[in-house]
Each structure stands twice: as structure tokens, then as C-alpha cells.
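Take a look at the structure set out below.
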Amino acid sequence: MTWDILNIIGTIAFALSGVIVAMEEDYDLIGVYILGLVTAFGGGAIRNLLIGVPVSALWDQGTLFTIAIIVMTIAFLFPSLWVNRWMRFGLLFDAMGLAAFAIQGALYATEMGHPLSAVIVAAALTGTGGGMVRDVLAGRKPLFLRKEIYIGWTMIAGLVIGLNLVSGVIGLGILFVAVVVLRMLSVYYQWQLPHRKLEQFQSP
Amino acid sequence: MTWDILNIIGTIAFALSGVIVAMEEDYDLIGVYILGLVTAFGGGAIRNLLIGVPVSALWDQGTLFTIAIIVMTIAFLFPSLWVNRWMRFGLLFDAMGLAAFAIQGALYATEMGHPLSAVIVAAALTGTGGGMVRDVLAGRKPLFLRKEIYIGWTMIAGLVIGLNLVSGVIGLGILFVAVVVLRMLSVYYQWQLPHRKLEQFQSP
Amino acid sequence: MTWDILNIIGTIAFALSGVIVAMEEDYDLIGVYILGLVTAFGGGAIRNLLIGVPVSALWDQGTLFTIAIIVMTIAFLFPSLWVNRWMRFGLLFDAMGLAAFAIQGALYATEMGHPLSAVIVAAALTGTGGGMVRDVLAGRKPLFLRKEIYIGWTMIAGLVIGLNLVSGVIGLGILFVAVVVLRMLSVYYQWQLPHRKLEQFQSP
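Protein chains in written order, with the UniProt record's numbering: chain D, 1 to 204; chain E, 1 to 204; chain S, 1 to 204.
In C-alpha cells form, the structure reads like this:
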């Protein structure tokens with residue numbers, strides 16, 4: 001039950017982020033729906049592909065699909081209701097989606113008996129894959145590889161689950177809250193992983 | 001038989017559209033072949049992936065593959081024969097390819113017992129997926145999400161077939177003609193679905 | 001044994017090329033790892049998808065994965081060690097990776113009993129797919145379709161193996177050397193396949 005709620009929050013948050021990008025690119029109504037659905041379900045699809053679940057398992061998510069369609073329809077019809085609030089609450093929603101999907105992806109891969117590396121990748125892909133496909137389809141440079149430790153938190157969630165450090169509703173709930181809080185903190189304090197620009201090491 | 005002809009028309013139309021983009025991007029001979037093949041067969045490959053058919057079913061389409069190679073070779077060797085005519089007849093060919101592939105994709109998904117939503121998505125992906133991959137590979141912003149109801153017509157074809165409103169050669173033939181005509185009309189009269197630019201709803 | 005060495009060289013060369021692009025794009029540490037892994041393993045993943053091997057077979061390559069991680073860590077920590085040398089030896093490494101992966105992809109497809117066209121495509125995808133995904137993820141225009149016969153040499157390797165013209169360690173070794181040499185020669189002498197710019201055939 002807790003789990004379903006998290007999944008719903010993730011789906012809504014990612015569908016809305018797809019709607020925003022589609023509106024920024026001046027897509028029409030169908031383009032808005034498609035980009036929203038791709039963002040909400042694309043991460044799970046790529047994860048399924050790489051860990052050996054049939055991608056067509058997507059079609060069993062009928063309820064989430066319906067919720068996403070309803071949310072996107074409301075968002076498209078009444079943008080004034082939420083666009084301004086998005087800047088304030090969007091980050092929180094996105095962090096919750098990131099955490100929920102990363103944890104779900106890691107559990108999925110664990111249940112299939114994959115090794116730790118695959119569990120971490122599954123967490124990362126489920127959490128960030130939808131946004132990646134959204135950016136590629138919208139002709140944008142995917143930012144998830146240089147944003148403030150965005151993908152890093154999903155990998156930590158994957159590591160924790162892959163090492164079996166938490167379990168049960170309470171353990172997963174704590175992990176969920178931890179990922180959300182860490183993601184929020186990394187944005188507010190602009191935490192950065194080490195970068196290296198190439199030029200400085202090249203001879204002139 | 002009718003069906004094979006439609007499939008051949010779709011393959012040729014999409015292969016040629018890939019050849020045009022490859023020439024615009026100054027690709028070499030192999031680049032031309034690859035972009036043509038990707039455009040002609042990419043939609044079916046993505047559709048197969050998402051509805052649970054092995055993507056390797058691609059390799060059973062030997063005849064279509066051969067036809068596409070021959071057409072692309074002629075197109076590359078004698079561009080003056082067709083490039084100018086393309087602007088006039090290319091739209092019709094593209095509409096026929098769109099309709100044929102959308103109908104084929106929807107039938108495919110229906111036969112596999114997928115729900116209506118999957119049938120619509122299969123129609124949309126088969127009809128438009130090849131052009132999408134072509135644009136991503138050529139480093140272009142995919143336009144199918146904002147062109148004149150491009151993807152919308154494929155979804156209507158999927159809806160009609162998913163609801164079992166038509167069947168048989170005659171029913172499918174009528175649907176095919178309807179999609180082609182609607183697509184042509186939407187270009188000539190510049191029909192547009194509702195758009196929303198984001199800025200107007202943001203506070204300054 | 002010889003084979004494993006080739007595979008290791010290919011993986012290292014492609015992982016380093018991903019690291020270079022990630023540094024040029026100012027990605028952070030995790031972005032560097034991800035782009036390196038995608039470049040090294042993406043071609044095999046796409047090949048598996050298209051010839052009907054489960055993509056999850058990726059996870060059996062644990063040793064290569066570990067090698068890639070170690071190499072990328074060293075490369076990130078000590079860029080001054082190799083970035084300047086890369087321009088001199090990078091081309092050779094890349095050619096060896098291209099040849100090793102193309103041959104491996106073609107053998108894979110042959111063993112599965114696919115027709116000649118699939119063997120050629122498997123060779124091309126395994127050799128060049130990783131670089132393609134790398135460029136798309138980094139928001140760059142994929143260059144492999146117009147670089148000096150880059151993909152062409154992989155297809156020749158596929159053709160030779162698909163027609164069963166070579167076999168055994170010695171035969172494959174000769175093919176490997178031939179592909180590397182041809183690739184190097186095509187860069188040094190700037191061999192080009194025929195190009196056609198579209199504009200010259202369009203009426204004004």
C-alpha cells in the first residue's frame with residue numbers, strides 16, 4: 001500500500017516533468033501525452049530490457065497508465081493551476097519519484113537474482129532512464145550526467161538494497177526518505193561530484 | 001496481396017525519406033544505406049520490443065530488405081530522377097507508409113491479445129518510430145511530436161482496429177485510404193491540435 | 001586466449017573514448033563512468049537486442065566490467081598520464097576495438113544461424129553501436145555515418161565471416177589485423193566513400 005503510493009507519486013511527478021518539457025518545446029496535445037508517458041514509463045522499460053524482463057510487462061501497469069493520462073489531461077487544460085507551484089514543489093516531487101523508482105528498480109533486479117552491479121544499474125536506470133529518453137526525444141542534451149549527484153543517489157539506493165542492508169516496509173521507507181532528503185540537500189547546497197575538464201591536461 | 005503492396009510502398013517511402021535526410025547531412029554511401037534502413041525498419045523493431053515480439057523477427061523480412069536496398073541504390077546513383085519529384089509526391093508516399101505501417105502494427109498487437117492501449121501505441125510506434133530513430137541518429141530534433149497531427153492519425157487507426165470496428169481486406173482498405181486522406185488534408189489545411197506554450201502561464 | 005586479449009583491448013579502448021567525451025562535456029565522476037560503460041558495452045547490447053540474444057547477457061561479462069571500471073578510475077585520477085598520448089595511440093586502440101568487436105559480433109550472429117544480412121549488421125552494430133549511443137547521450141551528432149569508412153570496415157568483417165571465408169584462430173587473426181590496418185590507412189590517407197549533397201540536385 002505504501003509502495004503503491006510511492007509508485008503513484010513517482011509516476012505523477014515524472015509525467016508532469018515530461019508535460020513541462022513538451023510545453024517548453026511547443027508540442028501539441030498528443031506530443032504532451034507522449035512525452036509525459038515516456039518520462040513516466042521509459043525508465044522502467046529500459047530497466048526491464050537490461051535485466052531481462054520482457055519490456056511488454058509495461059502493459060500490466062494499467063492503473064498507473066490511467067492515472068498518468070488523467071493527471072496530464074488536467075495539467076494541459078489548467079496549466080495556471082500548477083506551473084507556478086511546480087518550481088516550488090516540483091523538485092520535491094521529482095526527488096520522490098527518483099527515490100521511489102530507484103528503490104523499485106533495485107528490488108526488481110534483486111528478486112531476479114542479478115549480481116550487485118546489475119542491481120545498482122537497475123536502480124539508476126529506473127530512476128533516471130525516463131528523463132534521459134525525454135531529453136533525447138526533445139532534442140536536448142541529457143543533463144542527468146552532470147546535475148547535482150542526481151544519478152548518484154539512485155546508485156546508493158541500489159547499493160543499499162543490493163547488499164541487503166535494509167528490508168521490510170520500515171527499512172525501505174527509511175531508505176526512501178533518506179534518498180529524498182539527500183537529493184534535496186544536494187540541490188540546495190549545490191553539492192558536486194569531482195569534475196575534470198579535458199582541456200587543462202592537453203598540451204597546447 | 002494488397003497487404004504486401006502496402007507494406008512495400010511503406011518501406012520504399014520511409015527508406016527514401018531516410019536517404020534524403022542522409023544526403024542533407026552529407027553522409028557517405030554507407031550512411032545513406034543505414035539511415036534508410038533504420039527509417040524503414042526501425043518503427044517495426046521498436047514496436048516488437050514494446051509488445052513482446054523478439055526484435056530479431058526483423059530478419060524474416062528478407063524480401064522487403066532487398067527491395068529497400070535496391071531502391072536506395074537507385075536513389076543514390078540517380079538523385080536527379082526523383083529529388084525534385086519528392087517534394088510533390090513524397091508527402092503522398094509518406095502518408096501511405098504511415099497508414100500501412102500503423103495498420104500493420106495495430107493488427108500485430110491485436111493478434112497477440114494486448115489491450116487497447118497497447119494496440120494504439122503499437123500503431124503509433126510502427127508508423128512513426130522509424131522517423132523518430134532517423135531524426136535522433138541524424139542529430140535532429142524529432143518533429144513528429146508537433147507536426148500536423150502526424151502521430152494522431154496512426155493512433156486513430158490503432159483505436160479503430162483495437163475496438164474491432166473494421167476487419168477483412170475491404171474494411172482495412174477503407175481504413176488505409178481514410179488515414180492517407182486525413183493525413184493529406186491535415187497538411188494542406190494545416191490542421192493543428194491544441195498547443196500551449198509554457199511561458200504564458202509563468203509569473204514574470 | 002588471443003580472443004580474450006582482443007576483447008579486453010576493445011573494452012579498454014572504447015571505455016577510454018567514452019571517458020574523453022565525458023570530460024569534454026564536463027560530466028562529473030559518475031557521468032564519466034556511465035559514458036565509458038555505455039561506449040564499451042552498448043554496442044554488444046544493441047547487437048544482442050537485434051539478433052535475439054537476451055540483452056541481460058551483458059551481466060555475464062563481469063571480468064570485462066571490472067577491467068573497465070579500473071581503467072576508467074585510473075584515467076579519471078591521472079588524466080595527464082594518457083590524454084596527450086591518446087591522440088597518438090588512441091586511433092590504434094580504437095581501430096583494434098572496432099576490429100575485435102566487429103569480429104566477435106559477426107561470430108555471435110553466425111553461431112545463431114542468422115542469414116548473411118544479419119551477420120553484417122551484427123558486426124556493424126557491435127563495432128560501432130557503443131560509440132553511437134555515447135554520442136546520442138552526450139547530445140552530439142553521431143559521426144560514425146560519415147567518418148572515413150568507419151562502419152564500412154566492420155561490415156567487410158561481417159561479410160567475410162558470414163560467407164565463411166575465414167575460420168580458426170589464424171584466419172580470424174589475419175582478419176583482425178586486416179581490419180585494423182585498413183582502418184588506420186583510411187584515416188591516414190583520408191579515404192572517403194562517395195558522398196552526395198542534396199542541394200545540388202534540387203531546382204532553385
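By construction, the Cβ of each residue, glycine as well, lies at the ideal position given by its N, Cα and C atoms. What you are looking at is a predicted structure, and each value in this text was computed from that prediction instead of being measured.
When the distance is taken between beta carbons, is Trp-86 (chain D) closer than 9 Å to Leu-16 (chain D)?
yes
Pick from E:Leu-193, E:Leu-125, E:Asp-135 and E:Leu-163: whose alpha carbon is nearest that of Val-21 (chain E)?
E:Asp-135
So within the region 136–196 of chain S, which uninterrupted alpha helix (DSSP H) runs reach at least 4 residues, ignoring any that extend past its ends?
150–162 and 168–188
Does the beta carbon of Ser-186 (chain E) sit closer than 9 Å to a beta carbon anywhere in chain D?
no
Return yes when the Cβ of Ala-99 (chain D) is within less than 9 Å of the Cβ of Gly-127 (chain D), no when it is not.
yes
Measuring alpha carbon to alpha carbon, tell me which of S:Asp-4, S:Val-119 and S:Tyr-189 ends up nearest Met-96 (chain S).
S:Asp-4
Would you mind giving the Cβ-Cβ distance between His-195 (chain S) and Asp-28 (chain E), rounded to the nearest angstrom? I have them listed as a contact below 8 Å.
5 Å
Run through the DSSP bridge pairs and tell me what Asp-28 (chain S) is partnered with.
D:His-195
Of the residues D:Leu-92, D:Val-166 and D:Phe-65, the one placed nearest Ala-106 (chain D), counting alpha carbons only
D:Val-166
Under the three-state reduction of DSSP, which class applies to Ser-203 (chain S): helix, strand or coil?
A caution first: Ser-203 (chain S) carries a pLDDT of 47, below 50, which makes its placement in the model too unreliable to give a value.
Return helix, strand or coil for Gly-52 (chain D), following the three-state DSSP convention.
coil
Considering only residues of the same chain and omitting the five flanking positions on each side of Leu-6 (chain D), which have a CB-CB separation below 6 Å?
Ala-100
Using three-state DSSP, classify Gly-62 (chain D) as helix, strand or coil.
helix
Could you confirm whether any beta carbon from chain C is found closer than 9 Å to the beta carbon of Val-71 (chain E)?
The structure shown contains no chain C; its protein chains are D, E and S.
Using a Cβ-Cβ distance cut-off of 9 Å, determine whether Ile-161 (chain E) contacts chain D.
no
Using a Cβ cut-off of 9 Å (strictly closer), state whether Leu-29 (chain E) contacts chain S.
yes
Quick one: which chain S residues come within Cβ less than 8 Å of Val-136 (chain D)?
Val-136 and Leu-137
Closer than 7 Å by beta-carbon distance: list the chain D residues that pair up with Pro-115 (chain S), in chain order.
Within 7 Å Cβ-Cβ: nothing; Pro-115 (chain S) doesn't reach chain D, min ~24 Å.
Assuming Ala-124 (chain D) and Ile-151 (chain D) make a contact with CB atoms under 8 Å, what is their CB distance in whole Å?
5 Å
If you reduce the DSSP assignment to three classes, tell me which class Gly-90 (chain S) lands in.
helix
Look at residue 255 (chain D) and Phe-14 (chain D) and say whether their C-beta atoms are less than 9 Å apart.
Summary: the structure shown does not reach residue 255 (chain D), with chain D confined to residues 1 through 204, and so no result is reported for it.
Is the separation between the beta-carbon of Gly-139 (chain S) and that of Ala-102 (chain S) shorter than 9 Å?
no
Of the choices D:Asn-48, D:Glu-24 and D:Asp-26, whose alpha-carbon is the least far from that of Gly-130 (chain D)?
D:Asn-48
Measure the C-alpha to C-alpha separation of Ala-178 (chain S) and Leu-175 (chain D) and round it to an integer number of angstroms.
54 Å
Output yes or no for whether 9 Å exceeds the beta carbon distance between Phe-65 (chain D) and Ser-117 (chain E).
yes
Beta-carbon separation (whole angstroms), Ala-40 (chain E) vs Thr-63 (chain E), contact threshold 8 Å
The Cβ separation is near 13 Å, so there is no contact.
Taking Gly-52 (chain D) as the query, report the chain S residues whose CB atoms sit under 8 Å from its CB, ordered along the chain.
Pro-54, Val-55 and Ser-56
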